[in-house]
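A.B. asks: In this note's numbering, the protein residues as written are 7 to 70.
Don't be surprised by glycine CBs; every beta carbon is placed ideally from N, CA and C.
Keep in mind that this is a model prediction, so the values were computed, not measured.
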């Protein structure tokens, strides 16, 4: 059976932490920023963790 290929789109969006969780960025921080408050933009820039429901799927796509 051939090797599993990493889905590069998934690998570019998520980073694996030391404990095996996936770190992700918040959406909504690219454009149309003038109407968003400074607090909202600041909170969007902080990383978040992938939910447990999708964790197994994304890790399999990343071949981790």
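1) Nearest to residue 63 by alpha carbon, out of 49, 8 and 20?
2) For residue 69, which residues in the same chain have their Cβ closer than 6 Å to its Cβ, ignoring the five residues on either side in sequence?
3) Three or more C-beta pairs under 8 Å: does that hold for the region 36–47 against the region 14–28?
4) Would a C-beta distance cut-off of 8 Å place residue 32 and residue 54 closer than the cut-off?
5) Which one of 52, 14, 30 and 8 has the shortest CA to CA distance from residue 58?
C.D. replies: Checking against the coordinates, here is how it stands:
1) Out of 49, 8 and 20, 20 has the C-alpha closest to the C-alpha of residue 63.
2) For residue 69, where only same-chain residues beyond five positions count, the Cβ hits under 6 Å are 10 and 12.
3) Taking 8 Å as the limit for Cβ pairs, the verdict is that the region 14–28 does not touch the region 36–47.
4) Contact flag set, yes.
5) When C-alpha distances from residue 58 are compared across 52, 14, 30 and 8, the shortest belongs to 30.
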